[in-house]
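In what follows, a structure is listed as structure tokens, so that the remarks can point back to it.
Structural data, given as structure tokens:
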């Protein structure tokens with residue numbers, strides 16, 4: 064995995080690309096929601112922002128028991144939205160704990176210089192399970208100087224989830240992002256309503272090897288391509304439940320999707336799988352961090368430690384099929400299950416593209432707006 068210690072140039076670039084105006088526009092009313100404050104004396108609670116699939120019922124019960132508190136997990140929309148929530152006025156005090164895509168959220172968290180970070184340094188003495196993070200993910204630990212600000216907890220990949228009963232598995236398109244764009248499946252596919260992920264996968268499909276640093280000309284080419292294929296999309300999904308329902312109802316046969324969507328559909332008896340795009344598989348870690356003015360610092364440390372525990376990680380994998388960074392958990396699965404869960408992605412012989420913050424995020428947002436308005 065690539066190092067996540069950001070350079071000054073990267074963080075300065077992000078400050079200009081994702082300024083206060085963009086943050087306010089994306090955060091919207093959700094980031095300014097009222098009634099989120101410190102835990103009452105009557106009830107210990109942790110206010111978190113993390114993807115819902117990272118906290119399914121069984122894993123939630125384990126974590127809440129470990130920290131002896133209730134977790135109030137607020138809606139997670141996307142890495143873009145999480146950055147907006149954090150950067151909005153009051154964002155560093157409104158939430159106790161946050162998760163987001165490491166390569167994307169790192170620069171907004173660290174900002175330009177030491178002392179400006181929007182997260183507080185972690186006290187690793189309170190997170191002993193950090194020692195279990197696999198050597199494969201040690202470089203994903205976000206540091207500045209002697210301080211650690213983010214720890215990778217969950218990792219995974221995003222690809223196309225498709226129905227093998229409706230789309231032949233031997234169709235070469237099934238191993239390409241082209242499954243979402245080819246006229247052959249027009250009206251039978253759905254994209255995600257997120258500028259970052261959707262533009263990134265489209266750029267990879269068009270042969271742009273480093274989407275996050277692409278030129279304005281290439282961004283315009285991606286935008287025009289998306290507009291030209293807009294009629295092929297049955298819809299653009301905005302939530303986990305919506306995406307799963309599109310597939311379970313057979314309104315669409317393929318979606319840009321996540322690992323737990325595959326798991327949820329398989330649990331319903333649907334013959335679905337994910338593809339391994341030859342243009343490049345989108346891979347990520349999700350890291351946990353504590354906003355700078357969190358009101359429940361001790362509880363947040365305990366929650367990170369619990370999320371890195373063997374018990375929690377094993378349960379999360381069983382419920383959602385998400386792999387975790389805890390090396391003990393990976394070793395506990397059979398070779399067959401490791402392949403099924405994707406622990407073998409580095410052996411599959413396809414390029415792995417790790418999410419990173421775009422050099423011009425504001426232009427990506429504008430481009431996505433043009434596509435949606437077309």
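Numbering (the working numbering), first residue to last: 64 to 437.
For glycine and all other residues, C-beta sits at the position ideal for the given N, C-alpha and C.
Determine the extent of the beta strand (DSSP E) in which residue i is found, giving its start and end residues.
{"i": "residue 344", "result": "344-352"}
{"i": "residue 317", "result": "317-320"}
{"i": "residue 311", "result": "Run containing residue 311: none in the beta strand (DSSP E); it sits in the alpha helix (DSSP H), 303-311."}
{"i": "residue 213", "result": "210-226"}
{"i": "residue 286", "result": "Unbroken run through residue 286 is the alpha helix (DSSP H), 279-291; no beta strand (DSSP E)."}
{"i": "residue 337", "result": "335-337"}
{"i": "residue 140", "result": "Unbroken run through residue 140: none, as it is neither H nor E."}
{"i": "residue 207", "result": "205-207"}
{"i": "residue 111", "result": "108-112"}
Quick one: what's got a C-beta closer than 7 Å to residue i's C-beta in the same chain, skipping five residues either side?
{"i": "residue 275", "result": "419, 420, 421, 422"}
{"i": "residue 404", "result": "380, 384, 386, 396"}
{"i": "residue 70", "result": "Residue confidence for residue 70 is low, a pLDDT of 41 falling below 50, so the modelled location carries little weight and cannot support an answer."}
{"i": "residue 469", "result": "What the structure shows of the chain is the stretch from 64 to 437, and residue 469 is not part of that stretch, so it cannot be assessed."}
Output needed for residue i: all residues of its chain with C-beta closer than 6 Å, excluding positions within five of it in sequence on either side, in chain order.
{"i": "residue 183", "result": "353, 355"}
{"i": "residue 430", "result": "282, 286"}
{"i": "residue 205", "result": "67, 169, 212, 213"}
{"i": "residue 338", "result": "222, 223, 237, 238"}
Tell me which same chain residues have a C-beta within less than 8 Å of the C-beta of residue i, skipping the five on either side of it?
{"i": "residue 434", "result": "286, 289, 290, 293"}
{"i": "residue 313", "result": "226, 229"}
Let's see if you can read the secondary structure: which residues bound the alpha helix (DSSP H) around residue i?
{"i": "residue 171", "result": "165-173"}
{"i": "residue 253", "result": "First-last for residue 253: 252-255, but that is the beta strand (DSSP E), not the alpha helix (DSSP H)."}
{"i": "residue 432", "result": "424-436"}
{"i": "residue 406", "result": "It is not in any alpha helix (DSSP H) - residue 406 carries neither H nor E in the DSSP assignment."}
{"i": "residue 265", "result": "258-268"}
Considering Cα atoms alone, identify which of the options is closest to residue i.
{"i": "residue 390", "options": "195, 432, 178", "result": "195"}
{"i": "residue 201", "options": "107, 189, 217, 188", "result": "217"}
{"i": "residue 185", "options": "326, 380, 215", "result": "215"}
{"i": "residue 320", "options": "306, 155, 411", "result": "306"}
{"i": "residue 178", "options": "113, 366, 119, 209", "result": "209"}
{"i": "residue 249", "options": "273, 296, 133", "result": "296"}
{"i": "residue 322", "options": "335, 263, 311", "result": "335"}
{"i": "residue 181", "options": "197, 203, 235, 152", "result": "152"}
Does the separation of the CB atoms of residue i and residue j fall below 9 Å?
{"i": "residue 344", "j": "residue 416", "result": "yes"}
{"i": "residue 130", "j": "residue 362", "result": "yes"}
{"i": "residue 252", "j": "residue 318", "result": "yes"}
{"i": "residue 113", "j": "residue 150", "result": "no"}
{"i": "residue 142", "j": "residue 117", "result": "no"}
{"i": "residue 347", "j": "residue 241", "result": "no"}
{"i": "residue 349", "j": "residue 155", "result": "no"}
{"i": "residue 359", "j": "residue 192", "result": "no"}
Using the DSSP secondary-structure output, state which residues sit across from residue i in a beta bridge.
{"i": "residue 132", "result": "In DSSP, residue 132 forms no bridge with anything."}
{"i": "residue 196", "result": "389"}
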